[in-house]
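The structure appears below as structure tokens.
There are 2 protein chains.
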Amino acid sequence: MDAIMHIESALETAAALAASDDAPPRLAAAIRYAIFPGGARIRPRLCLAVSAACGAQNLGASAAAAGAIELLHCASLAHDDLPCFDDAPTRRGKPSVHAAFGEALAVLAGDAMIVMAFEAIARAFMDRPHLLPPLVQTIARAAGMPSGIAAGQGYESEPQLARSQYQRAKTGSLFVAATVAGALAAGADGAPWRMLGEGLGEAYQIADDIRDVASSPEAIGKPVGRDAALGRPSAALELGVDRAVALLKRLTREAVDSIPACPGADWLKAQVLIETLRVLPEELLRRAA
Amino acid sequence: MDAIMHIESALETAAALAASDDAPPRLAAAIRYAIFPGGARIRPRLCLAVSAACGAQNLGASAAAAGAIELLHCASLAHDDLPCFDDAPTRRGKPSVHAAFGEALAVLAGDAMIVMAFEAIARAFMDRPHLLPPLVQTIARAAGMPSGIAAGQGYESEPQLARSQYQRAKTGSLFVAATVAGALAAGADGAPWRMLGEGLGEAYQIADDIRDVASSPEAIGKPVGRDAALGRPSAALELGVDRAVALLKRLTREAVDSIPACPGADWLKAQVLIETLRVLPEELLRRAA
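Residue numbers (the numbering used here), protein chains in the order written: chain X, 26 to 314; chain V, 26 to 314.
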């Protein structure tokens with residue numbers, strides 16, 4: 026089974042459990058809608074890749090951890106798109122969850138997916154419970170306060186908004202969780218993997234800023250020009266597109282250089298480079314080559 | 026330290042951690058506002074009482090589990106009061122979280138408190154990780170889908186709403202989590218404690234229905250008459266107040282009779298009876314005596 030199949034299978038297991046028994050059907054449908062079909066599944070693929078590079082024996086359990094990361098991501102998108110935040114009508118090329126199911130079910134779907142993330146991990150590591158304290162704490166730190174996704178969103182309600190702090194919490198935290206949880210799920214030490222997550226999170230945010238300035242809604246499946254419209258910090262707006270692309274490339278190189286010694290280090294380095302290039306519009310890569 | 030001090034201390038630890046480092050101050054304030062001052066803390070006190078009755082050695086860890094139950098409750102209230110659900114202006118005698126901090130911070134505070142619940146448990150049981158799989162699964166089941174608080178709220182978006190199913194998920198699930206997690210935290214088997222939680226959850230919901238019909242906003246710190254106004258299922262509306270009070274008393278007796286053999290069974294039975302009587306307006310107790 027390749028990585029994406031492991032991840033989709035873990036997400037399918039979680040969604041099926043959430044829809045079991047007497048689950049309210051419309052909420053179950055909203056959850057499924059929020060999860061499938063996915064975007065690029067960048068964070069869970071990073072998590073699983075780190076786990077594999079660390080020599081994980083049980084890729085099913087690692088995929089559950091990767092799926093938990095993706096569930097938190099899907100939850101944050103469902104809430105982020107709500108009228109009281111971005112009021113985004115579309116996401117991944119289709120109506121956002123609240124546009125399709127209403128605000129109430131979008132709030133509840135997000136809540137339920139946060140819970141599903143922790144439940145999936147508890148289930149997958151039942152036979153290795155000593156891994157649960159660091160795993161639960163790693164994904165909790167990425168999702169909540171004081172420095173996870175909720176914190177990142179919370180900075181938007183502050184009068185002063187510092188770009189790096191905001192983006193580290195809103196985007197970077199889940200990349201850090203992906204690399205650290207990937208290592209932990211393989212039974213390795215998580216701490217040395219923080220730097221890779223931090224670097225890739227920052228690189229990804231800059232790529233996202235660039236796409237918001239330089240792409241079309243058709244190419245990225247969501248509205249563009251939102252950062253300027255909403256007055257949000259953006260590296261592409263602050264630096265200009267060309268310098269932002271150069272920064273992205275530097276950050277990616279540094280992230281790759283930070284990969285700790287492990288059985289699959291060379292393979293992982295190649296994977297990370299391929300992935301980073303995939304997220305940018307082709308014409309930008311050519312321009313900055 | 027008595028029970029309520031243990032619980033407040035666990036909640037204080039969680040709130041302080043959420044507000045640490047560079048946490049966005051307004052979100053940290055919204056979280057604190059949602060947790061303190063508490064209501065009757067019925068669910069965490071039940072959790073801690075069961076733990077004590079089971080002979081728990083480490084009441085601090087049990088209090089963390091109890092605090093997690095309360096955090097999930099506070100999260101559900103913050104989201105439940107949102108304009109897209111009940112649109113409640115007040116809660117516990119003060120403005121609701123969204124009325125005081127706005128919708129965005131109320132959504133995020135709820136999200137963060139769900140995460141804090143799992144984090145608190147992972148931290149408290151780091152030295153007994155074998156207890157984490159059942160504990161995480163117990164509180165996940167109570168909070169999410171297919172039969173937890175989110176599911177209970179989700180039933181409100183279904184065309185047909187069956188009272189018992191709805192209330193079992195929306196209210197009963199957290200009472201079941203309180204009794205089961207209390208036993209688990211003491212190292213005991215959780216399953217025999219489900220029935221106590223189910224019975225008390227149902228009794229509490231009926232008491233709540235009765236108060237919504239027969240109390241004043243001043244007495245219970247939130248608006249009354251909401252069930253009728255919102256067309257929600259209510260035992261007091263369906264049966265009339267006197268028969269609802271009689272049902273409440275019968276359910277409480279049955280719940281008490283279900284308490285499994287444990288070192289503190291007699292003490293726990295007395296506690297449960299005292300607690301149940303506390304939640305009803307005095308004149309109703311006299312009327313139905």
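Ideal Cβ placement from N, Cα and C applies to all residues, glycine included.
Pairwise C-alpha distance: residue j and residue i
| i | j | result |
| --- | --- | --- |
| V:Ala-216 | V:Val-205 | 7 Å |
| X:Ala-65 | X:Ile-284 | 22 Å |
| X:Ile-164 | V:Gly-289 | 37 Å |
| V:Glu-144 | V:Val-161 | 10 Å |
| X:Ser-76 | X:Gly-177 | 26 Å |
| X:Asp-46 | V:Met-151 | 32 Å |
| X:Pro-120 | X:Pro-49 | 21 Å |
| X:Pro-158 | X:Ala-213 | 14 Å |
| V:Gly-63 | V:Gln-296 | 20 Å |
| X:Leu-302 | X:Ala-137 | 33 Å |
| V:Ala-194 | V:Arg-251 | 19 Å |
| X:Ala-53 | X:Val-266 | 41 Å |
| V:Ala-211 | X:Asn-83 | 31 Å |
| V:Gly-207 | V:Leu-221 | 12 Å |
| X:Glu-279 | X:Leu-225 | 9 Å |
| X:Trp-218 | X:Ala-202 | 9 Å |
| X:Phe-61 | V:Pro-242 | 44 Å |
| V:Leu-262 | V:Ala-81 | 41 Å |
| V:Glu-37 | V:Ala-88 | 11 Å |
| V:Val-304 | V:Asp-237 | 12 Å |
| V:Arg-85 | X:Asp-291 | The identity of residue 85 of chain V in the sequence shown is Gly, whereas the question assumes Arg. Approximately 46 Å, taken between the alpha carbons. |
| X:Lys-274 | X:Ala-175 | 28 Å |
| X:Arg-153 | X:Glu-223 | 27 Å |
| X:Ser-182 | V:Ser-182 | 29 Å |
Boundaries (first-last residue) of the alpha helix (DSSP H) holding residue i
| i | result |
| --- | --- |
| V:Asp-291 | 290-303 |
| X:Pro-69 | 67-78 |
| X:Arg-268 | 266-282 |
| X:Thr-163 | 157-168 |
| X:Cys-99 | 84-105 |
| X:Val-249 | Here X:Val-249 belongs to no alpha helix (DSSP H), and DSSP marks it neither H nor E. |
| X:Arg-148 | 128-149 |
| X:Glu-227 | 219-239 |
| V:Pro-50 | 50-60 |
| V:Ser-34 | 28-43 |
| V:Phe-110 | Segment: none, V:Phe-110 is in no alpha helix (DSSP H) and carries neither H nor E. |
| V:Gly-179 | 174-180 |
| X:Thr-204 | 198-210 |
Cβ shell of residue i (< 7 Å), same chain only, five flanking positions each side left out
| i | result |
| --- | --- |
| X:Val-122 | Ala-55, Tyr-58, Ala-59, Ala-103, Asp-106, Ala-131 and Ala-134 |
| V:Ala-11 | Chain V is shown from 26 up to 314; residue 11 of chain V falls before or after that span and cannot be answered. |
Residues near residue i by beta carbon distance below 6 Å, same chain, minus five either side
| i | result |
| --- | --- |
| X:Gln-230 | Gln-192 and Thr-196 |
| X:Tyr-180 | Leu-186 and Tyr-191 |
| X:Gly-118 | Gly-246 |
Rounded distance between the beta-carbons of residue j and residue i, thought under 8 Å
| i | j | result |
| --- | --- | --- |
| X:Cys-79 | X:Cys-287 | 5 Å |
| V:Glu-227 | V:Leu-276 | 5 Å |
| X:Phe-200 | X:Arg-70 | Wrong, their Cβ atoms sit about 12 Å apart, outside the cutoff. |
| V:Ala-28 | V:Ala-74 | 7 Å |
| V:Leu-264 | V:Asp-111 | Their Cβ separation, rounded to whole angstroms, is 23 Å, which puts V:Leu-264 and V:Asp-111 out of contact at 8 Å. |
| V:Ser-198 | V:Ala-167 | 4 Å |
Under 8 Å by beta carbon: chain B residues contacting residue i
| i | result |
| --- | --- |
| X:Met-220 | The structure shown has no chain B; the protein chains it does contain are X and V. |
Cutoff 8 Å; reference residue i; Cβ partners in own chain excluding five residues on either side
| i | result |
| --- | --- |
| V:Arg-116 | Leu-102, Asp-106, Val-122, Gly-246 and Lys-247 |
| X:Leu-298 | Thr-277 and Val-281 |
| V:Ala-260 | Arg-188, Gln-230, Ile-231, Asp-234, Ile-235, Ala-269 and Leu-272 |
| X:Glu-300 | Ile-67, Arg-70 and Leu-71 |
| V:Arg-51 | Phe-126 and Leu-130 |
| V:Leu-156 | Phe-150, Leu-209, Ala-210 and Gly-212 |
| X:Pro-258 | Leu-186, Ala-187, Arg-188, Tyr-191, Gln-192 and Asp-252 |
Residue i: CB within 7 Å of a non-hydrogen atom of the ligand MN
| i | result |
| --- | --- |
| X:Ala-90 | Inclusion of the ligand MN in the displayed structure is not the case, the ligand content being empty and no account of it being possible. |
**OP:** Inspect the CB distances between the region 83-96 of chain X and the region 28-46 of chain X and report whether three or more fall short of 8 Å.
**Re:** yes
Subject >> Cβ contact (3+ pairs, closer than 8 Å) linking the region 243-254 of chain V and the region 37-49 of chain V >> reply: no
Original post:
Okay, do the region 122-137 of chain V and the region 270-278 of chain V touch, 3+ Cβ pairs below 8 Å being the bar?
Top reply: no
Original post:
Per the contact definition of three or more C-beta pairs closer than 8 Å, is the region 131-143 of chain X in contact with the region 95-103 of chain X?
Top reply: yes
Original post:
Counting Cβ pairs, one atom from each stretch, are 3 or more of them under 8 Å apart for the region 184-193 of chain X and the region 164-175 of chain V?
Top reply: no
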